[in-house]
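Numbers given in this note's numbering equal positions in the sequence shown, counted from 1, plus 385.
What follows is a single structure, written as structure tokens, with notes after it.
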Amino acid sequence: MVAAKQGWELNPDTEFTDILLSGLTTNWNRYAYYLCPCRDSDGSRETDADVICPCVFARPDIDEHGHCYCALYLRAGFTAAGGVPGGIPDKRSS
């Protein structure tokens with residue numbers, strides 16, 4: 386739903402996406418919020434507010450790189466145009 390609402394696509398690699406969704410579920414069960422599975426946490430919702438999925442960095446990363454940091458969300462048409470998610474700088478640590 387998030388991807389559709391934002392005009393994004395989910396990563397079409399279902400095995401990869403399932404791992405990320407499992408991580409989100411684990412984090413929900415652990416913290417009671419959907420902490421990005423690619424991020425560390427100290428367990429504080431206030432401290433982690435910027436990396437609750439979709440994180441505040443998702444839109445700028447998708448605009449600039451075609452996908453978010455963890456590559457769950459992709460720009461619409463990214464893979465159809467031959468795009469392949471790769472490593473991108475972590476804006477949270479910048």
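Every residue, glycine too, gets a C-beta built ideally from N, C-alpha and C.
Here residue 428 is exposed. Its C-beta has fewer than 16 other C-beta atoms within 10 Å. The straight-line gap separating the alpha-carbon atoms of residue 440 and residue 467 is approximately 25 angstroms. Between residue 394 and residue 442 a beta carbon distance of about 18 angstroms is seen, past the 8 angstroms cut, so the two are scored as non-contacting. In the structure shown, the three-state DSSP call for residue 404 is helix. Excluding residues up to 5 positions away in sequence, 419 lie with their Cβ nearer than 7 angstroms to the Cβ of residue 413 in the same chain. If you ignore the 5 residues before and after residue 460, its C-beta comes within less than 6 angstroms of the C-beta of 447, 451, all in its own chain and listed in chain order. If you look at residue 430, you'll find it isn't in any beta strand (DSSP E); it sits in the alpha helix (DSSP H) that goes 430–433. 7 angstroms or more divides the Cβ of residue 436 from the Cβ of residue 444. Residue 458 is bridged by DSSP to 395.
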